[in-house]
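Start counting the sequence shown at 5; every next residue gets the next number (our numbering).
Glycine included, C-beta positions come from ideal geometry on N, C-alpha and C.
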Amino acid sequence: MNGESNPDSVPQRFRSAPKPFRWTGAVTAIWLALILLIQISGTFAAPGSDAFPVQCPEDAQNCTRIASNPHRADGVEELLHNASPEALRSAVIAWVEDQPRTRIVFDDGTEFHAVFYTAFMFFPDDFFFQTYCTEDDRAGLKLHSESRLGVGDLGVNDVRVAELVAHLDKIEFEPVDECIPAPVA
5 MNGESNPDSV
15 PQRFRSAPKP
25 FRWTGAVTAI
35 WLALILLIQI
45 SGTFAAPGSD
55 AFPVQCPEDA
65 QNCTRIASNP
75 HRADGVEELL
85 HNASPEALRS
95 AVIAWVEDQP
105 RTRIVFDDGT
115 EFHAVFYTAF
125 MFFPDDFFFQ
135 TYCTEDDRAG
145 LKLHSESRLG
155 VGDLGVNDVR
165 VAELVAHLDK
175 IEFEPVDECI
185 PAPVA
C-alpha cells in the first residue's frame with residue numbers, strides 16, 4: 005500500500021489540514037532546513053585553528069579587530085587596564101558566558117575562542133581574545149570578532165566588541181604593581 009492512498013500518511017494528513025496549518029508547517033520546515041544548512045556551512049567555514057587570528061580579511065565588513073592590524077573599532081590597537089591578565093581574562097569570560105547563544109571552543113589561559121550564534125537564523129560568529137603583559141606592567145587585551153559566513157554582519161561584531169569594551173570600562177580592577185603573565189594551560 006503506497007503512502008498516497010493511505011489516509012493516515014503524512015502527505016495525506018498535510019493536504020487535508022486547514023490552509024493556515026499547512027503554511028505554518030511549510031514555513032517551519034523551510035526555516036529548519038535553512039538553519040541546518042547554515043550550521044553545516046558554518047562547520048566547513050570554521051577557522052583552521054584556535055590561535056588568535058593575524059588580521060581581518062582585507063575590506064571585510066564582517067570583522068572587527070582591536071589588535072595589530074586593527075579593523076573597524078575606530079582603529080584601536082589594544083585595550084590596556086591596570087589589572088592582572090588573569091583578572092582581565094576572568095572579566096571577559098564572565099561577560100561571554102552571560103551572552104545568549106554562546107559556546108566556548110578553546111581556552112588555554114591566554115588565548116580564548118568562543119562562538120556566538122545570532123538570533124533567529126543562528127549564524128556563527130567567531131570571537132577571540134588574548135591577554136598579555138605590557139612593558140609598563142599593565143594587562144593588555146586584544147579582540148577579534150568575525151562572522152564565518154557572508155560578506156557583512158549588519159554591525160553585529162562592532163556592537164559586540166563595543167559592548168565588551170564598555171563593560172570592561174565599568175569594572176574597577178584591583179591595581180597591580182607588577183604584571184605577571186597568566187599561565188598557559
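In the structure shown, the three-state DSSP call for threonine 47 is helix. Beta-bridge annotation (DSSP): alanine 118 is paired with Ile108, Phe131. In the DSSP assignment, histidine 171 falls within the unbroken alpha helix (DSSP H) covering 160-174.
Residue pairing for alanine 143: DSSP places it in a beta bridge opposite His85, Cys137. Taken atom to atom, the span from the alpha-carbon of threonine 138 to that of aspartate 173 is near 18 Å. Per DSSP, reduced to three states, the secondary structure at serine 72 is coil, with no helix or strand assignment.
Assignment of glycine 52 by DSSP, reduced to helix, strand and coil, places it in the coil class.
A Cβ-Cβ separation of about 7 Å places alanine 50 in contact with arginine 152 under the 8 Å criterion.
Rounded to whole angstroms, the gap between the alpha carbons of glutamate 150 and tryptophan 99 is 18 Å. Valine 109 is a Cβ neighbour of alanine 118, given a cutoff of 8 Å. Beta-bridge partners of glycine 113 (DSSP): none assigned. Put simply, of Phe126, Asp140, Asp129, Ala87 the residue whose alpha carbon is nearest the alpha carbon of valine 180 is Ala87. Under the three-state reduction of DSSP output, glutamate 150 falls in the strand class. In the structure shown, the three-state DSSP call for glutamine 65 is strand.
Counting C-beta atoms within 10 angstroms of its own C-beta, asparagine 73 has fewer than 16 neighbours from the protein chains shown and is therefore classed as exposed. A Cβ-Cβ distance of about 6 Å is found for the pair leucine 145 and phenylalanine 133, placing them in contact under the 8 Å criterion.
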